[in-house]
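Going by full-length UniProt numbering, the first residue of the sequence shown is number 1, and it counts up by one from there. Backbone N, C-alpha and C fix where the C-beta goes; we use that ideal spot for every residue, glycine too. A short write-up of the structure that comes next.
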Amino acid sequence: MISLYNWFLDFSEENENYRLIKIQQPKCKGLLGSFLLYIIGGDYVVEAFFFIMHRSLKSSINFLLLLFLSLSCFASNNNKPDIEGEALIEFRTALNDSKYNRLANWDYHFVSPCFSWSFVTCTNGNVVSLSLASKGFSGTLSPSITKLKFLVSLDLHDNNISGALPDYLGNMSHLQNLNLANNNLNGSIPASWGQLSNLKHLVMRGNRLSGSIPDSLVNITGLKEVDLSSNDLTGRIPKELLSTPVFNFTATHLTCGNNFQQPCVSGSSIPVTKRKSKVQVVITVASIGAFSLLLIGAVFGYRFHRVHKYKHDVFFDVPGEDEREISFGQIKRFSLREMLLATDNFNESNIIGQGGFGKVYKGVLMDNTKVALKRLTDYNSPGGEAAFLREIHLISVAVHRNLLRLVGFCTTSTEKILVYPFMQNLSVAYRLRELKPGEKGLDWPTRKRIAFGAAHGLEYLHDHCNPKIIHRDLKAANILLNEDFEAVLGDFGLAKLVDTKVTNVTTQVRGTMGHIAPEYLSTGKTSEKTDVFGYGITLLELVTGQRAIDFSRLEEEEDVLLLDHIKKLLREKRIGDIVDENLKSYDAKEVEIILQVAMLCTQGSPEDRPRMAEVVRMLKGVGLAEKWAEWEQLEEVKIQEFSIMSHNFIWGEDSTHDQEAIQLSQAR
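Shown next, in the form of structure tokens:
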């Protein structure tokens with residue numbers, strides 16, 4: 001702090017992007033505020049204000065003198081170059097960004113690259129990632145990149161960068177991801193790259209690289225991916241690289257080592273010259289035969305290994321497959337390699353759900369996007385991949401704020417995978433019953449909002465998709481929650497698509513006990529009304545926090561199904577006993593409306609249940625009173641009829657006690 005005639009200049013607060021100077025005279029009654037001056041780079045921007053009530057000419061002169069001193073002091077400091085910023089300016093110049101000028105805001109006026117530079121990611125004030133793929137660069141790489149001491153990821157794929165691979169990249173000890181694919185780079189792979197001890201992903205496909213793979217690369221023990229395909233590389237592949245979880249050496253002249261000199265990962269063969277003797281021909285034929293037998297054995301062994309345990313996959317991409325996009329919607333076709341990398345080879349520790357269609361894995365894409373991957377295990381469409389793609393198309397156009405958006409898919413001869421955004425707040429079921437200590441539960445306003453959101457999503461599937469989509473397994477576990485705790489319906493991705501004029505009949509009942517509509521279980525027929533039934537049960541879950549079926553209730557009563565339990569409490573006017581005990585406060589009138597709608601949705605006959613469009617209106621109170629009065633009259637008649645029936649026939653038409661006590665499909 002500098003003092004001049006009782007004025008103070010405070011340098012106490014500063015960071016890499018700005019310096020805050022506070023000029024004040026605390027004991028001066030004529031000063032009502034303070035003057036804040038932000039200095040960003042070489043520009044001076046007045047961000048706040050000060051008020052001076054005239055006290056004396058001397059005071060004003062002292063203030064102005066101190067302000068002048070402060071500006072002079074910082075003017076020299078601001079001319080100090082930023083090492084990383086200077087390095088990136090040199091890097092941009094070498095890349096030749098003049099055609100598209102994508103890096104226009106890489107400017108000395110903004111000293112720190114972390115302040116506002118495009119495609120630059122920083123951590124703790126240091127540049128850690130450059131994401132410069134597909135930007136139209138046509139220059140070369142600059143050694144200035146080595147000044148970025150903490151760089152973790154360098155992605156320059158799909159440009160037109162030329163020149164030899166630089167030795168100096170081997171000095172970037174923090175580098176984990178190096179992607180220079182599909183450029184015009186030439187020369188050999190530098191031996192110095194073996195010093196990249198933290199490297200996990202090395203992707204160099206689609207260049208003009210020559211020479212052999214340096215043995216030093218085997219020193220990189222943490223490699224998860226190496227892709228050197230579509231280059232002019234020759235020589236053997238170090239056996240250690242063949243143990244990498246994902247590798248690709250197709251479209252090269254590389255061999256597997258001393259035992260087999262022919263290319264081991266491409267379809268080409270070594271030509272035989274006319275001058276070879278018969279003995280050489282015999283030896284060659286025998287070698288090819290032996291290799292063929294070994295190859296067949298390896299294929300069968302690999303298939304056997306895949307069937308018994310999906311642990312370590314050798315995958316060779318078709319060139320360009322991982323960048324291929326289908327023509328409909330905004331969804332992407334991912335390669336199997338990308339799926340393997342995202343899930344760490346479908347590691348079981350990444351499983352976040354499992355159900356009738358397969359397992360769901362959490363994953364992280366190369367751009368650090370978190371996703372959920374549904375790996376289908378029993379998809380067997382008679383139409384093959386064409387039918388699968390048609391189904392994907394229909395799913396992709398079902399876009400609504402309350403429906404889980406499809407990000408992309410992966411399809412091969414052995415895999416069918418759907419890719420969705422990862423919902424960080426998980427599901428309604430989790431928030432109701434599976435919370436860990438300290439995690440946030442669902443208050444009543446949130447539960448009410450979820451009820452409305454799920455209704456809107458289901459209405460969209462029924463009335464605004466052509467053909468309409470029947471969910472078939474609506475429940476709390478399939479209602480996901482986004483960052484704002486808004487309801488997002490999941491697991492409708494492979495629901496049976498129903499033509500508006502055709503009744504859907506399925507040979508396999510999919511659903512969860514307690515949520516299945518009676519007619520679906522008994523006949524296999526589904527319609528919008530089967531979803532309405534499941535929605536009604538979900539409303540009961542929201543109000544009570546309980547599962548649709550709970551065998552622990554057998555200790556006190558005979559009603560294991562939540563629906564029958566709630567009906568009993570409603571007849572006894574015990575609404576207070578229905579509401580989740582974890583709800584600290586709630587609106588009794590709103591709870592009553594939700595319960596009434598739930599009862600109307602779960603009537604035994606599908607014809608008596610409302611359509612989802614009507615459900616949305618009733619949730620708002622429109623037309624509910626009349627429907628509820630009719631329901632109460634019918635229930636009274638049923639109660640009178642039940643009273644004269646034997647104990648063996650106490651189950652009513654509305655009851656779902658006759659459903660099989662088996663879980664047909666778990667949460668997906």
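Through-space distance from residue j to residue i, alpha-carbon basis
i	j	result
Glu84	Leu202	24 Å
Val120	Asn126	10 Å
Leu562	His471	21 Å
Tyr430	Val152	35 Å
Glu528	Arg611	7 Å
Phe492	Pro467	14 Å
Glu14	Leu542	Below a pLDDT of 50, predicted positions are generally treated as unreliable, and Glu14, at 41, falls in that range; no measurement from the model is reported.
Leu88	Pro214	29 Å
Glu614	His456	11 Å
Thr446	Asp158	45 Å
Ser129	Cys122	7 Å
Phe247	Lys416	21 Å
Arg405	Gly534	21 Å
Ile469	Val397	12 Å
Asn184	Val218	25 Å
Ile351	Lys362	6 Å
Gly320	Leu489	Model confidence at Gly320 stands at a pLDDT of 34, short of 50, so the residue's coordinates are unreliable and nothing is read from them.
Lys91	Asp484	The identity of residue 91 in the sequence shown is Phe, whereas the question assumes Lys. Roughly 40 Å between the two C-alpha positions.
Leu341	Val532	39 Å
Glu632	Glu572	13 Å
Asn231	His253	8 Å
Leu336	Phe409	10 Å
Host alpha helix (DSSP H) of residue i (start-end)
i	result
Val428	428-433
Gly536	528-544
Thr523	518-523
Ile479	Counting along the chain, Ile479 falls outside any alpha helix (DSSP H), though it belongs to the beta strand (DSSP E) covering 479-481.
Phe247	No alpha helix (DSSP H) contains Phe247, which is instead part of the beta strand (DSSP E) from 246-248.
Lys200	Careful: Lys200 lies outside any alpha helix (DSSP H) and carries neither H nor E.
Thr377	Looking at the DSSP string, Thr377 is not in any alpha helix (DSSP H), and its letter there is neither H nor E.
Gly235	Unbroken run through Gly235 is the beta strand (DSSP E), 234-236; no alpha helix (DSSP H).
Leu619	612-619
Leu178	Note, Leu178: premise wrong, no alpha helix (DSSP H); beta strand (DSSP E) at 177-179.
Leu570	562-571
Phe338	The sequence given here has Glu at residue 338, not Phe. Looking at the DSSP string, the run of the alpha helix (DSSP H) that includes Glu338 is 336-342.
Thr93	83-95
Gln603	Segment: none, Gln603 is in no alpha helix (DSSP H) and carries neither H nor E.
Same chain only: Cβ atoms within 7 Å of residue i, ignoring 5 sequence neighbours per side
i	result
Gly621	Ile593
Leu141	Ala94, Ile161, Gly163, Pro166
His305	Low per-residue confidence applies at His305: pLDDT is 43, beneath 50, and the placement is therefore not dependable, though the value from the model is reported in the following sentence. Same-chain partners within the cutoff: there are none.
When the options are compared against residue i, the one with the closest alpha-carbon
i	options	result
residue 685	Phe249, Val226, Lys224, Leu199	As shown, the chain starts at 1 and ends at 668. That puts residue 685 outside it, with no answer to give.
Leu339	Glu528, Lys374, Val152, Ser134	Before going further, note that residue 339 is Met rather than Leu in the sequence given. Here the closest residue by C-alpha is Lys374.
Ser188	Ala181, Gln176, Pro166, Leu634	Pro166
Lys638	Gly604, Gly623, Glu626	Gly604
Glu434	Glu486, Gln546, Asn368, Phe422	Gln546
Met204	Ser197, Ser173, Leu154, Asn198	Leu154
Ile331	Val407, Asp82, Met366, His400	Val407
Host beta strand (DSSP E) of residue i (start-end)
i	result
Cys122	120-123
Pro445	Pro445 -> not in any beta strand (DSSP E); alpha helix (DSSP H) instead, spanning 444-463.
Ala164	162-164
Val364	358-364
Thr255	253-255
Leu185	184-187
Ala487	487-489
Per DSSP, cross-strand counterpart(s) of residue i
i	result
Leu228	DSSP lists no partner for Leu228.
Cys410	Ile417
His157	Beta-bridge pairing links His157 to no other residue.
Val127	Cys122
Ser372	First, the amino acid is wrong: residue 372 is Ala here, not Ser. Paired residues: Lys362, Tyr420.
Gln354	Lys359
Ile331	The partner list for Ile331 (beta bridge, DSSP) is empty, contrary to what the question assumes.
Arg609	The partner list for Arg609 (beta bridge, DSSP) is empty, contrary to what the question assumes.
Leu208	Residue 208 is actually Arg in this sequence, not Leu. Asn186, per the DSSP bridge assignment.
Contact set for residue i: own chain, Cβ-Cβ below 6 Å, skip 5 residues either direction
i	result
Ser138	Asn96, Asn160
Leu583	Trp444
Val285	Confidence is the limiting factor: at Val285 the pLDDT is only 43, short of 50, which leaves the residue's position unreliable and the question unanswerable from this model.
Gly453	Asn402, Glu486, Ala487
Neighbourhood of residue i by C-beta, 8 Å cutoff - its chain only, sequence neighbours within 5 removed
i	result
Asn105	Ser116, Trp117, Ser118
Leu595	Leu539, Leu540, Val543, Ile566, Leu570, Ile575, Ile578
Val597	Gly536, Leu539, Val615, Met618, Leu619, Leu624
Residue i CB to nearest heavy atom of the ligand MG below 8 Å
i	result
Asn198	Summarising the ligand content, the structure contains no ligands, and the ligand MG is consequently not present.
Min CB distance residue i to chain C below 9 Å
i	result
Arg574	No chain C is part of this structure, which consists of one protein chain only.
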